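Data first, discussion second: the structure below is written as structure tokens.
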Amino acid sequence: MCQLKYQNKHMKLLIVEDNQELLHSLEDFASKEGFIYDSAAGLTDAIDRIALFEYDCIILDINLPDGSGFDLLKTLYFKGKTNGVIILSARDSLDDKLKGLELGADDYLTKPFYFSELNARIKAVIRRKQFKTNKIVNFANLIIEPDQYLVWTEDLENPISLTKKEYAILTHLINNHKRVISKVSLAEYIWGDFVDEAQSFDFLFSQIRNLKRKLKNAGANVEITNIYGVGYQIKSR
Amino acid sequence: MKLLTYTSRLQLIFLLAIFAIFSVLFYLILSWMVLQNVDEVLFNRKINLLAYLNQKPDAPFKGDNPLDDFTFYAVEESEFQEKHELYKDTLIYEPVDDELDEYRKLTTYVRLHGDFYRLEIVKPHLEGEEMIATIAITLGGLFLVLTISFYFSQRIISRNIWKPFFSLLEQLRQFRFDTQKIPQFPKTSIDEFNKLSESLHELVQKNTVVFNSQKQFIENASHEMQTPLSVIQVRLEELIGQAGLTKEQSRIIEGIIHSTQRLKKLNKTLLLLSKIENRQFLFDEKVDLSEIIDQSMEYFEELKEGKNISLTINIKSKIPIKGNISLTEILVQNLLKNAFVHNEANGRVTINLESDKLTIMNTGERTEYNNQSLDRDRLFSRFYKKSRNPDTWGLGLAIALKIAETSSWELHYREESGQHVFEVNFR
Numbered sequence: 560m561c562q563l564k565y566q567n568k569h570m571k572l573l574i575v576e577d578n579q580e581l582l583h584s585l586e587d588f589a590s591k592e593g594f595i596y597d598s599a600a601g602l603t604d605a606i607d608r609i610a611l612f613e614y615d616c617i618i619l620d621i622n623l624p625d626g627s628g629f630d631l632l633k634t635l636y637f638k639g640k641t642n643g644v645i646i647l648s649a650r651d652s653l654d655d656k657l658k659g660l661e662l663g664a665d666d667y668l669t670k671p672f673y674f675s676e677l678n679a680r681i682k683a684v685i686r687r688k689q690f691k692t693n694k695i696v697n698f699a700n701l702i703i704e705p706d707q708y709l710v711w712t713e714d715l716e717n718p719i720s721l722t723k724k725e726y727a728i729l730t731h732l733i734n735n736h737k738r739v740i741s742k743v744s745l746a747e748y749i750w751g752d753f754v755d756e757a758q759s760f761d762f763l764f765s766q767i768r769n770l771k772r773k774l775k776n777a778g779a780n781v782e783i784t785n786i787y788g789v790g791y792q793i794k795s796r
Numbered sequence: 249m250k251l252l253t254y255t256s257r258l259q260l261i262f263l264l265a266i267f268a269i270f271s272v273l274f275y276l277i278l279s280w281m282v283l284q285n286v287d288e289v290l291f292n293r294k295i296n297l298l299a300y301l302n303q304k305p306d307a308p309f310k311g312d313n314p315l316d317d318f319t320f321y322a323v324e325e326s327e328f329q330e331k332h333e334l335y336k337d338t339l340i341y342e343p344v345d346d347e348l349d350e351y352r353k354l355t356t357y358v359r360l361h362g363d364f365y366r367l368e369i370v371k372p373h374l375e376g377e378e379m380i381a382t383i384a385i386t387l388g389g390l391f392l393v394l395t396i397s398f399y400f401s402q403r404i405i406s407r408n409i410w411k412p413f414f415s416l417l418e419q420l421r422q423f424r425f426d427t428q429k430i431p432q433f434p435k436t437s438i439d440e441f442n443k444l445s446e447s448l449h450e451l452v453q454k455n456t457v458v459f460n461s462q463k464q465f466i467e468n469a470s471h472e473m474q475t476p477l478s479v480i481q482v483r484l485e486e487l488i489g490q491a492g493l494t495k496e497q498s499r500i501i502e503g504i505i506h507s508t509q510r511l512k513k514l515n516k517t518l519l520l521l522s523k524i525e526n527r528q529f530l531f532d533e534k535v536d537l538s539e540i541i542d543q544s545m546e547y548f549e550e551l552k553e554g555k556n557i558s559l560t561i562n563i564k565s566k567i568p569i570k571g572n573i574s575l576t577e578i579l580v581q582n583l584l585k586n587a588f589v590h591n592e593a594n595g596r597v598t599i600n601l602e603s604d605k606l607t608i609m610n611t612g613e614r615t616e617y618n619n620q621s622l623d624r625d626r627l628f629s630r631f632y633k634k635s636r637n638p639d640t641w642g643l644g645l646a647i648a649l650k651i652a653e654t655s656s657w658e659l660h661y662r663e664e665s666g667q668h669v670f671e672v673n674f675r
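First to last, the sequence lines map onto chains A and B.
For the first sequence, the residue numbers in our numbering are 560 to 796.
For the second sequence, the residue numbers in our numbering are 249 to 675.
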């Protein structure tokens, strides 16, 4: 039923993270999303692995017990490898960010992060690498053109008219359709820190109600379910 | 009162007391000396007079001659006292100036040519009043001269000797721990001031070290918290994805998510504050405020509609200002959030952007525990909040102020015709 133009199945990730708990979570996340993955708990381990294997995306922690994640970036840079690298850092520092991006990282995510956010970034990296010409996303009978903020059902003549926020919610749900997205992370994705939590939940609720109505009217074969008020998930019918 | 004024005042009081005591002593000594002198003159006069009269027995002396200063009174032998001499002050009427003048009188008994007499000799003597006046004039004049020279010398002292002290004071007044500049106190030739500036230097240095390590501690602690917070957050996300979650379990998880979220936001805010304090931002970017305002509006759309707030935006200048883009965004958004969140139903928000200032005005929310007035002094302090909204930390305005300060702007609050006005001055 679900046909995404990009498939996670043959995508290979390298997860470099020294915190065991977080590493396990990242591994669980990767397997659930259908990625093939290797993990490394330190810099030398990671450098050994990139010498032996090719990865589509590397999730890289900066503070490692035996060195800095920046060293791995340098190694990759000198080897001329163009793996997509997403830095995970506890340090929300502009310098680190610039340094990372300068050394060839594709993205920079500050801890604590949401899986939905990480997932979106990984997918963006992979999409950039592999589908440079075709960015259209399919989900159930929905067709999404990310560059133009357009969504269609089978009727290509008439796109569904969505507001910017409804569009953002829909694509975020579709990007993470395999998992339940917590209400908090979805609200933060749309409104950032600028609205208080309690209020943003109300806003989210009404946005999603409108989105559901519009999708239903357009005959989309999708269902947005609410898991006891904690989170949302999109499913194809 | 200035220290110098205080000490000179004390010194002058002391001096005055000493002068008073001296004046009295001076007066007593002087009058004693004068008396001694007059008495000696009287005694000499008596000896001379008697010697003269003994030599010239026919000289007339018994009558009371107003031209001379002595009088002989004949007395009985029984009244005669050998070697009796009495010096006494007396007042004698002086018709010339129509007043009683002070005289000294010697009363004695003499035997002349076989007869007995009581002899009285008078001499005018220096008047007490005159003496006092003399003393008052001389000593008073001296006191006046001393006071004046005191005043001027002290002005010179305060101008020169205290100069390093005041410059030290000024440096201390302007000193701030977060600027990381340890003030250079002036060197002087005065030991006390040198000691003071040495101790201050030491104090400032020690406290700067403590301040920096505290700051570092907050930053490190916040950073260290990020990883465990990540673990909690991702594990919670995994948990809500589990099939067969009961309603009760979801409720518990939601509570944990809510608390984690609060912790996360607090940590993020503390990190931001310490980053601003550590000046990890560049402040020479070109910031387009009108664009920031425009983009930020999107976040407050629902709040605006929910409370039916009427919004007016007056952009009078589109000239970019110098600052840090991301920090300015945070500043503007914090002020806007403040204006929308703490607004009342059917309220107003007015944004005025001019080339040198940004003004955000809003009507205030009226609840039983939140009246119109805000505590100006505490408004911008950390963790100060007027509303009981559990979702806020009371850090938004503190951050806004910090950003304004680090960008060398000024952020003010005032009340104007019942509206809350926040104004950022860029110059």
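All residues carry an ideal CB built from backbone N, CA and C; glycine is no exception.
These figures come from a predicted structure and were not determined experimentally.
Amino acids of chain B, ordered along the chain, whose beta-carbon sits closer than 7 Å to that of residue i
| i | result |
| --- | --- |
| Ser590 (chain A) | Ordered by position in chain B, no residue passes the 7 Å Cβ test against Ser590 (chain A), which lies about 12 Å from the chain. |
| Trp750 (chain A) | Tyr547 |
| Gly790 (chain A) | Ile488 |
| Phe674 (chain A) | Val482, Glu485 |
Any chain B beta carbon closer than 8 Å to residue i
| i | result |
| --- | --- |
| Lys670 (chain A) | yes |
| Ala649 (chain A) | yes |
| Met560 (chain A) | Any reading at Met560 (chain A) is ruled out, since the residue's pLDDT is 35, under 50, leaving its predicted position unreliable. |
| Ser627 (chain A) | no |
| Asp587 (chain A) | yes |
| Tyr787 (chain A) | yes |
| Leu563 (chain A) | Summary for Leu563 (chain A): the model assigns pLDDT 45, below 50, so the residue's position carries little reliability; its value from the coordinates is reported in the next sentence. Answer no: the Cβ-Cβ gap between Leu563 (chain A) and chain B never drops below 8 Å. |
Residue i: contacting residues in chain A (beta-carbon distance under 8 Å)
| i | result |
| --- | --- |
| Arg483 (chain B) | Glu580, Ser584 |
| Gly595 (chain B) | The premise fails here: Gly595 (chain B) is roughly 15 Å from chain A at the closest Cβ pair, so nothing lies under 8 Å. |
| Lys495 (chain B) | Tyr787 |
| Ile567 (chain B) | What Ile567 (chain B) touches in chain A: nothing, since even the nearest Cβ is about 25 Å away. |
| Ser498 (chain B) | Ile786, Tyr787, Gly788, Val789 |
Per-residue contacts from residue i into chain A (C-beta, under 7 Å)
| i | result |
| --- | --- |
| Lys512 (chain B) | Pro671 |
| Ile501 (chain B) | Val789 |
| Thr475 (chain B) | Asn578, Leu581, Ala649, Lys670 |
| Ile541 (chain B) | Here the premise fails: no neighbours, minimum Cβ distance about 13 Å. |
Cα-Cα separation, residue i to residue j
| i | j | result |
| --- | --- | --- |
| Lys773 (chain A) | Thr712 (chain A) | 11 Å |
| Gln402 (chain B) | Val272 (chain B) | 30 Å |
| Lys454 (chain B) | Glu577 (chain B) | 36 Å |
| Thr255 (chain B) | Ser447 (chain B) | 25 Å |
| Ile574 (chain A) | Ile645 (chain A) | 10 Å |
| Ser498 (chain B) | Ile786 (chain A) | 8 Å |
| Ala605 (chain A) | Ser744 (chain A) | 30 Å |
| His569 (chain A) | Ile500 (chain B) | 37 Å |
| Ile385 (chain B) | Lys310 (chain B) | 45 Å |
| Lys411 (chain B) | Gly388 (chain B) | 34 Å |
Closer than 8 Å to chain A by CB, residue i
| i | result |
| --- | --- |
| Tyr617 (chain B) | Summary for Tyr617 (chain B): the model assigns pLDDT 46, below 50, so the residue's position carries little reliability, and this model does not support an answer. |
| His471 (chain B) | yes |
| Ser478 (chain B) | yes |
| Gly489 (chain B) | yes |
| Gln402 (chain B) | no |
| Ser655 (chain B) | no |
| Ser522 (chain B) | no |
| Ile608 (chain B) | no |
| Ile651 (chain B) | no |
| Ile647 (chain B) | no |
| Ile505 (chain B) | yes |
Chain-ordered neighbours of residue i on chain B, where CB pairs are closer than 8 Å
| i | result |
| --- | --- |
| Gly593 (chain A) | Those within 8 Å of Gly593 (chain A) in chain B number zero; the least Cβ separation is about 14 Å. |
| Val575 (chain A) | Correct list: empty, because the minimum Cβ distance to chain B is about 14 Å. |
Under 9 Å by beta carbon: chain B residues contacting residue i
| i | result |
| --- | --- |
| Ile654 (chain A) | The sequence shown places Asp at residue 654 (chain A), not Ile. Per Cβ cutoff of 9 Å: Gln528. |
Residues sharing a beta bridge with residue i, DSSP
| i | result |
| --- | --- |
| Leu659 (chain B) | B:Val672 |
| Asp439 (chain B) | Asp439 (chain B) is not bridged to any residue. |
| Val358 (chain B) | B:Tyr365 |
Next item on the list: With 9 Å as the limit, tell me which residues of the segment 446 to 457 of chain B have their beta carbon closer than that to any beta carbon of chain A; keep them in chain order.
Entry: none
Margin query: Output needed in chain order: residues of the segment 720 to 745 of chain A with a Cβ under 9 Å from some Cβ in chain B.
Written below: Lys723, Lys724, Lys737, Arg738, Val739, Ile740, Ser741, Lys742, Val743, Ser744
Notebook entry, point to check: the segment 762 to 775 of chain A: which residues have C-beta closer than 7 Å to a C-beta of chain B, in chain order?
Noted result: Phe762
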